[in-house]
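Residue numbers (the numbering used here), protein chains in the order written: chain V, 1 to 206; chain E, 1001 to 1206.
C-beta atoms are modelled at their ideal positions from N, C-alpha and C, and glycine is treated no differently.
These numbers come from a predicted model, not from an experiment.
What follows is a short report on a single structure.
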């Protein structure tokens, strides 16, 4: 299974890397989790340069696509090189966005009639694109999820894990990354945030 | 002010980059916040390659040094090239560690008589180095702080901000990165975690 985390120039380190790290905690050797970039390397909003682990055209065939956030998303959605490469299909893929990543999903038509979560800065732009913005950290309908506020990316990752591996795997992954002494608080809050949006047919933990 | 975040091969993305991002939220143009590495680039435990923004010898003159965590810390503390370059001085620097970074501080003699926080995997190694390990996310004595559990790196960053800019800046930085709808929960918990360890002479917010 390929999980592509779309990471553009000006990216927000938390939004791409919290998801990447939490998903890697599952430790499933059949998972390939990549920073998926338009170029060989990209610089974050704070000058952190990371090397692409997959390229943007690979998002089309990925099983899961998470759209990261950043300071340049309004330029990204006007860039035909990027947008024309993103053939995403929620009938075959799990698709999620973090903060301004919601603008990418909106422009791709993936939020038609679906409310979304995003950050305060992006909120008016997503609304402009005709999407209702919710005052909560996480929302999903079917195979499309959105999260708002950098640290909500742990919920986005948890949703992907719940949809693919089940809730025991969510607990195990979040248990490890939570602050010592606050594990149950972090795990239970994440589960509370994603549970209403899981289909009843979500895989049961073995 | 230079804040050097020591980031070694095999690094934990959360431990280096949550701190980097939260500190950058302060938006102080006089701050230089860098991933400080032994080489020109380093690969994380999950294959994320980042470019160094400063080199290890610069930690000696940094105002703040945060030691990140990773899968290779037990090798790092045996590497004379790295350890001999780390002349840290808590009388002149704020020094903090995240998870296995505590092992580096212990080996440098910076935790003599000071209990520490770390992750569950690192705990026995830090204990072996003669340091008491606490079952909590954050602890500081004077200018040396330790945090345990990846997401506790938000508390380590908050402590640095509290010690340098004051509590209003902590609130503003965490308020932005917290999940939408959970801002006060995240901000208040962080403040609760760091407040007992702030000197009464910590800078008051203007």
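Distance, Cα to Cα, residue i vs residue j?
i, j, result
"residue 1143 (chain E)", "residue 1095 (chain E)", "6 Å"
"residue 206 (chain V)", "residue 188 (chain V)", "In this predicted model, residue 206 (chain V) has a pLDDT of only 46, less than 50, meaning its place in the structure is not dependable enough to derive any value."
"residue 169 (chain V)", "residue 80 (chain V)", "38 Å"
"residue 179 (chain V)", "residue 1152 (chain E)", "5 Å"
"residue 1108 (chain E)", "residue 71 (chain V)", "39 Å"
"residue 185 (chain V)", "residue 1130 (chain E)", "30 Å"
"residue 1001 (chain E)", "residue 1030 (chain E)", "6 Å"
"residue 1040 (chain E)", "residue 114 (chain V)", "45 Å"
"residue 139 (chain V)", "residue 194 (chain V)", "8 Å"
"residue 1150 (chain E)", "residue 175 (chain V)", "10 Å"
"residue 155 (chain V)", "residue 76 (chain V)", "24 Å"
"residue 1065 (chain E)", "residue 1017 (chain E)", "14 Å"
"residue 93 (chain V)", "residue 166 (chain V)", "17 Å"
"residue 1008 (chain E)", "residue 181 (chain V)", "26 Å"
What residue does the beta strand (DSSP E) around residue i start on, and which one ends it?
i, result
"residue 1034 (chain E)", "1032-1037"
"residue 1041 (chain E)", "1041-1043"
"residue 3 (chain V)", "2-6"
"residue 1141 (chain E)", "1138-1141"
"residue 66 (chain V)", "64-67"
Tell me which same chain residues have a C-beta within less than 6 Å of the C-beta of residue i, skipping the five on either side of it?
i, result
"residue 199 (chain V)", "none"
What is the DSSP secondary structure of residue i, counted as helix, strand or coil?
i, result
"residue 99 (chain V)", "coil"
"residue 146 (chain V)", "strand"
"residue 1192 (chain E)", "helix"
"residue 206 (chain V)", "Residue confidence for residue 206 (chain V) is low, a pLDDT of 46 falling below 50, so the modelled location carries little weight and cannot support an answer."
"residue 1133 (chain E)", "strand"
"residue 1163 (chain E)", "helix"
"residue 1116 (chain E)", "strand"
"residue 151 (chain V)", "helix"
"residue 54 (chain V)", "strand"
"residue 1104 (chain E)", "helix"
"residue 1156 (chain E)", "helix"
"residue 1049 (chain E)", "strand"
Could you tell me the boundaries of the alpha helix (DSSP H) in which residue i lies?
i, result
"residue 1177 (chain E)", "1167-1177"
"residue 19 (chain V)", "13-24"
"residue 126 (chain V)", "123-128"
"residue 1083 (chain E)", "1080-1083"
"residue 1029 (chain E)", "Looking at the DSSP string, residue 1029 (chain E) is not in any alpha helix (DSSP H), and its letter there is neither H nor E."
"residue 1075 (chain E)", "1073-1076"
Near residue i, which residues of its chain fall below 7 Å by C-beta distance, leaving aside the five closest residues on each side in sequence?
i, result
"residue 54 (chain V)", "4, 34 and 36"
"residue 1136 (chain E)", "1117"
"residue 1148 (chain E)", "1099, 1117, 1118, 1119 and 1137"
"residue 126 (chain V)", "102, 103, 106, 116, 118 and 133"
Taking all protein chains shown into account, do 16 or more other C-beta atoms lie within 10 angstroms of the C-beta of residue i, making it buried, or fewer, making it exposed?
i, result
"residue 196 (chain V)", "exposed"
"residue 1078 (chain E)", "exposed"
"residue 128 (chain V)", "exposed"
"residue 1061 (chain E)", "exposed"
"residue 1091 (chain E)", "exposed"
"residue 1192 (chain E)", "exposed"
"residue 183 (chain V)", "buried"
"residue 1121 (chain E)", "exposed"
"residue 1112 (chain E)", "exposed"
"residue 1015 (chain E)", "buried"
Between residue i and the rest of its own chain, which residues show a CB-CB distance below 8 Å, the 5 nearest in sequence each way excluded?
i, result
"residue 56 (chain V)", "6, 36, 37, 38, 82, 85 and 86"
"residue 1161 (chain E)", "1022, 1023, 1026, 1169, 1170 and 1173"
"residue 1058 (chain E)", "1002, 1004, 1034 and 1036"
"residue 1044 (chain E)", "1010, 1011, 1012, 1013, 1050 and 1070"
"residue 158 (chain V)", "22, 170, 173, 174, 190, 191, 193 and 194"
Residue i: beta carbon under 7 Å from a heavy atom of the ligand MN?
i, result
"residue 23 (chain V)", "Absence of the ligand MN is noted for the structure shown, with no ligands found whatsoever."
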